[in-house]
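The sequence shown begins at 36 in my numbering and counts up one residue at a time. Backbone N, C-alpha and C fix where the C-beta goes; we use that ideal spot for every residue, glycine too. Just so you know, these numbers come straight off a predicted model, no measurement behind them. One structure below.
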Amino acid sequence: MYDPKQISHWHASIDPSPRRPALEGDMTADVVIVGAGYTGLWTAYYLMEQSPDLKIIVLEANFVGFGASGRNGGWCSPALAGLDEWLENPTHHDRALHLQHLMFDAVDEVGRVAQRENIDFDYAKDGELNVATTAAQEKKLKKEYDFVVEQGLGDSVQWLDESATKEFINIQGSRGALYTPQCAVIHPAKLVTGVAATVEKKGVRIYEQSPVTHVEAGRVRTGQGSVTAAQVVIATEAYSAKIDGLSRRLVPVHSQLIVTEPLSDELMARTGLKNRVVFGDGRGLVTYGQRTADNRIAFGYRASYIFGSGIKDVFDADDPSFDGIYQILLSFFPFLKDVQVDQCWGGALGVARDMSAFVHYDAETKLGWAGGYTGNGVAASNLAGRTMADLLLGQDTERLDTPWVRTSGSPLTKFPHWEPEPLRWMGVQGVRTMLRLSDWLGV
Ligand SMILES: Cc1cc2nc3c(=O)[nH]c(=O)nc-3n(C[C@H](O)[C@H](O)[C@H](O)COP(=O)(O)OP(=O)(O)OC[C@H]3O[C@@H](n4cnc5c(N)ncnc54)[C@H](O)[C@@H]3O)c2cc1C
């Protein structure tokens, strides 16, 4: 069993949650949820909100927040994988626009839950900045700005020129930035452990160290027991490949982060960060940074895939990729060169074959599955969990008429597959190489 402190700075910076027992024996419930990350826990939360007498069991292979939910960059962003394509498609456009507004609301809803349930996860809604540091990035980000305006979403985004950008951040070589006010920042592990404790108070039972080995309609099995339940929700995102029948549905892609020691007031002033706006630049492979509540800089980059959909649980601090990430941070803020990096870690996010996030529920088998957030899952998993709760409870809400909701066929059979290896590896590597090449060539 891993020590949570090995997993991420976020877990290392909170008091360890008490460990929960493993599932032993055969149990029954109304709903069984596989995976105790944001998706599983938000689903449990909204089910209990609407139907407090439900018996809900959550089964977690390791411990709460072991996956991406306890490791991510903490951007609580209204971006959603697949949304641009749906907006561009006349068949989906209006429902996609509605979905974008639901995503804006999900950013606020995460903050409302903090208030309502009295959970402190360092939520601050100070916006998101994507800074152009090259002419090619400026062109690309301005194109993104034009696209958003064309979709009638001009209120949600601003183009800042070089001097306006400096009011927010002092990134070396900045030529301007795309600013999205409707984005928040959070402490990932405080969020996931806070929601877990909240649902437990409402009566949900969470079992840790209970990897599910088999999922079928009405039942899931672990090595030590089983849960029979009318409804089953799979919430294992990047880890889904290990579940029977789901091996080629989502590929796990790894991203990695570093965190600095707390910065002095003088150094923080030189970054220009007056509040906790999240930031990155416009390169193809996403960079993402946040000023933490205790004045560190957490900064992430990279996308790597392990042949055969392998997942790395713990990252070696000597991995040269971390130095590459540090060098990008120094290219933004060269004056941080003597600042210590306190921790390096990484995690796996799930990418679907059609690159779109989904909330899938089959009323016949009563099986649900949500994920495929492609690195934008903090706010999206909140909306996914809320939508999944609507589907499980048979509520007809405004959330259901959106292009990411799928209700035809079982998630165990009806889903686009990734190619078998080695084609899968070649495909993922190809996309990665193209993005890096276009950064390098500046096109
Ligand atoms: C390094 C990194 C940075 C990211 N940064 C951001 C960001 O800044 N903003 C953003 O919006 N998104 C970000 N993301 C994506 C976001 O973190 C994820 O989309 C989101 O956390 C997914 O939540 P989840 O609950 O679906 O999956 P996870 O959090 O991965 O949870 C799945 C859980 O299922 C458990 N599990 C797996 N297999 C089994 C099994 N067989 N039985 C029982 N349990 C099982 C796992 O142990 C895990 O706890 C990032 C992801 C990574 C990896």
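Nearest-angstrom Cα distance between Gly382 and Ser43? Position 347 of the sequence shown holds residue 382. Position 8 of the sequence shown holds residue 43. Roughly 9 Å separates the two Cα atoms.
Residue from Thr400, Leu302, Thr63 and Cys379 whose Cα sits closest to the Cα of Arg510: Because the chain here runs from 36 to 478, residue 510 falls outside it and cannot be looked at.
Going residue by residue through the segment 199-225, where are the continuous beta strand (DSSP E) segments of at least 3 residues, counting only ones entirely within it? 212-215
Nearest CA to the CA of Leu281: which residue from Val239, Pro446 and Gly462? Position 246 of the sequence shown holds residue 281. Cα-wise, what sits closest to Leu281 is Pro446.
Excluding the five sequence neighbours on either side, which residues of its own chain have a C-beta within less than 7 Å of the C-beta of Ser86, listed in chain order? As a working note, residue 86 is residue 51 in the sequence shown. So the list reads Leu428, once near-sequence residues are dropped.
Is any non-hydrogen atom of ligand 1 found closer than 7 Å to the C-beta of Arg106, if you look at the structure I gave you? Numbered from its first residue, the sequence shown carries residue 106 at position 71. The answer is yes for Arg106.
Alpha carbon to alpha carbon, what distance is there between Ile206 and Val478? Position 443 of the sequence shown, counted from the first residue, corresponds to residue 478. Position 171 of the sequence shown, counted from the first residue, corresponds to residue 206. Any reading at Val478 must be qualified, since the residue scores a pLDDT of 48, below 50, and its modelled position is unreliable; the value itself is stated next. Val478 and Ile206: Cα-Cα distance of roughly 21 Å.
What do you reckon, is the C-beta of Ala131 under 7 Å from a heavy atom of ligand 1? On the sequence shown, residue 131 is found 96 positions in, with the first residue counted as 1. False, no ligand heavy atom lies under 7 Å from that Cβ.
In terms of residue numbering, what span does the beta strand (DSSP E) encompassing Glu163 cover? Counted from its first residue, the sequence shown places residue 163 at position 128. Glu163 to Val166 is the extent of the beta strand (DSSP E) around Glu163.
Runs of 4 residues minimum, wholly inside the segment 216-272: which ones carry the alpha helix (DSSP H) assignment? 223-236
Could you spell out the range, first to last residue, of the beta strand (DSSP E) harbouring Ile154? Along the sequence shown, one-based indexing puts residue 154 at 119. Where Ile154 is concerned, there is no enclosing beta strand (DSSP E), given that its DSSP letter is neither H nor E.
Buried or exposed: which applies to Val66, given that a residue is buried once 16 or more other Cβ atoms fall within 10 Å of its Cβ? As a first step, residue 66 is located in the sequence shown; it is residue number 31 there, counting from the start. Buried, because 16 or more other Cβ atoms sit within 10 Å of the Cβ of Val66.
What are the complete alpha helix (DSSP H) segments, minimum 4 residues, inside the segment 283-307? 300-306
Inter-residue CB distance, Arg55 and Glu173 (contact presumed, cutoff 8 Å): Position 20 of the sequence shown, counted from the start, is the residue given in the question as residue 55. Position 138 of the sequence shown, counted from the start, is the residue given in the question as residue 173. 49 Å between Cβ atoms; not a contact.
How long is the line joining the alpha carbons of Ala219 and Met36, rounded to whole angstroms? Within the sequence shown, the letter at position 184 stands for residue 219. Within the sequence shown, the letter at position 1 stands for residue 36. Computed Cα separation, rounded: 33 Å.
Please determine, among Asn107, Ile49 and Gly462, the residue with the shortest C-alpha to C-alpha distance to Tyr323. The count along the sequence shown starts at 1 and reaches residue 323 at position 288. Of the candidates Asn107, Ile49 and Gly462, the one whose C-alpha sits nearest the C-alpha of Tyr323 is Asn107.
Whether Ala398 touches Ala415 by CB criterion (8 Å): The count along the sequence shown starts at 1 and reaches residue 398 at position 363. The count along the sequence shown starts at 1 and reaches residue 415 at position 380. No; because the gap between Cβ atoms is not below 8 Å, this pair is not in contact.
At the level of alpha carbons, what is the spacing between Ser480 and Ala131? Since the displayed the chain opens at 36 and closes at 478, residue 480 lies outside it and no answer follows.
Looking only at its own chain, which residues have a Cβ that is under 7 Å from the Cβ of Glu152, when we skip the five neighbours before and after it? For this step, residue 152 is matched to residue 117 along the sequence shown. Closer than 7 Å at the Cβ level, and outside the excluded window around Glu152, lie Thr233.
Inter-residue spacing [alpha-carbon to alpha-carbon] between Ala328 and Val230: The sequence position of residue 328 within the sequence shown is 293, counting from 1. The sequence position of residue 230 within the sequence shown is 195, counting from 1. Answer to the nearest angstrom: the Cα atoms are 19 Å apart.
I need the DSSP call for Asp129, collapsed to helix, strand or coil. Within the sequence shown, the letter at position 94 stands for residue 129. Asp129: helix per DSSP, three-state reduction.
Between His128 and the rest of its own chain, which residues show a CB-CB distance below 7 Å, the 5 nearest in sequence each way excluded? By 1-based counting over the sequence shown, the position of residue 128 is 93. Taken in chain order, the residues that qualify are Leu122.
Rank Val440, Lys277, Arg421 and Trp404 by C-alpha distance to the C-alpha of Met83 and give the top, closest one. Sequence index remark: in the sequence shown, residue 83 carries index 48 (1-based). The residue with the shortest Cα to Cα distance from Met83 is Arg421.
Do the segment 243-252 and the segment 343-350 touch if we need at least three Cβ pairs shorter than 8 Å? no
If you scan the segment 49-135 from start to end, which runs of the beta strand (DSSP E) of 3 or more residues do you find wholly inside it? 60-69 and 91-94
Beta-carbon gap between Trp110 and Val313 smaller than 8 Å: The sequence position of residue 110 within the sequence shown is 75, counting from 1. The sequence position of residue 313 within the sequence shown is 278, counting from 1. Yes; because the gap between Cβ atoms is below 8 Å, this pair is in contact.
Three-state class that DSSP yields for Gly187 in the structure shown: As a working note, residue 187 is residue 152 in the sequence shown. Coil, per DSSP.
In three-state terms, what does DSSP make of Gln378? The count along the sequence shown starts at 1 and reaches residue 378 at position 343. Three-state DSSP puts Gln378 in a strand.
Does the beta-carbon of Thr448 have 16 or more other beta-carbons within 10 angstroms, so that it is buried, or is it exposed? As a working note, residue 448 is residue 413 in the sequence shown. Exposed, because fewer than 16 other Cβ atoms sit within 10 Å of the Cβ of Thr448.
For Trp194, which residues in the same chain have their Cβ closer than 7 Å to its Cβ, ignoring the five residues on either side in sequence? One-based indexing of the sequence shown puts residue 194 at position 159. Closer than 7 Å at Cβ, skipping near neighbours: Lys177, Tyr180, Gly211 and Leu213.
Buried versus exposed call for Ala103 [16 or more other C-beta atoms within 10 Å across all chains shown]: Counted from its first residue, the sequence shown places residue 103 at position 68. Buried.
Keeping to the same chain, check which residues put their C-beta closer than 7 Å to that of Phe450; ignore five residues upstream and five downstream. As a position in the sequence shown, residue 450 is number 415, starting the count at 1. Cβ neighbours of Phe450 beyond the five flanking positions: Arg284.
Residues of its chain near Leu226, where Cβ-Cβ distance is below 6 Å and the 5 sequence neighbours each way are ignored: What you label residue 226 is simply residue 191 of the sequence shown in a count that begins at 1. The answer, listed in chain order, is Phe156.
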